[in-house]
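Residue numbers (the numbering used here): 234 to 396. Glycine included, each C-beta is placed from N, C-alpha and C at the ideal position. No experiment lies behind these values; they were computed from the predicted model shown. Written out below as structure tokens is the structure these notes cover.
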């Protein structure tokens, strides 16, 4: 479930009790990458933020964006190793408090849904990655809507809603 607060933050709650928020600045940044033109290529990166010590909520604040080393086409995006390096650098700049909270990318469709490639990528990251949180936020930016999902190891992606 998604809810927009008067501050512009979007808060979410999963069926399993996980929760978090997405900052309005992050939403604005992600929406800049919408594939509105026929020539627009997919974009993506990592979601970075903090874990609330009291609630264990995922507080998404910023993201890595496409750049050198990424592979981009109209219908595909592959993150290069630069994203992980930027996440590590960001962690150091926040005195070790900041961490990777999830993944994001775009789709050239009005209301985006994860493809089988997306689902496999998410499972791979959950299986092979090291995370402080017990799950990942998964965001797909479409032309008209932004779709939010929560991913947890060994479970299907849970759709949280659209914004």
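Assign residue 276 to buried or exposed, taking buried as 16 or more other Cβ atoms, counted over all protein chains shown, within 10 Å of its Cβ. Along the chain shown, read from residue 1 onward, the residue named residue 276 stands at position 43. Sixteen is the threshold: when 16 or more other Cβ atoms of the shown chains lie within 10 Å of the Cβ of residue 276, as they do, the residue is buried.
First through last residue of the beta strand (DSSP E) which encompasses residue 326: The residue labelled residue 326 in the question sits at position 93 within the chain shown. Counting along the chain, residue 326 falls outside any beta strand (DSSP E), though it belongs to the alpha helix (DSSP H) covering 315-326.
Give me whichever residues DSSP pairs with residue 268 in a beta bridge. As a first step, residue 268 is located in the chain shown; it is residue number 35 there, counting from the start. Among the bridge pairs identified by DSSP, residue 268 is matched with none.
Which of helix, strand or coil does DSSP assign to residue 352? Residue mapping note: residue 352 aligns to position 119 of the chain shown, counting from 1. Residue state for residue 352 is assigned as helix, using DSSP reduced to three classes.
Nearest to residue 340 by alpha carbon, out of 356, 263, 369, 285? Counting from 1 along the chain shown, the entry for residue 340 is found at position 107. Selected option, being the one with the closest Cα: 263.
Own chain partners of residue 268 with C-beta closer than 6 Å, once the 5 adjacent residues on each side are dropped: Residue numbering aside, residue 268 sits at position 35 when the chain shown is read from its first letter. Answer for residue 268: 339, 341, listed in chain order.
I'd like to confirm the pairing. Which residues does DSSP put opposite residue 284 in its beta bridges? For the purposes of this step, residue 284 is identified with residue 51 of the chain shown, where counting begins at 1. Answer is 291, bridged to residue 284.
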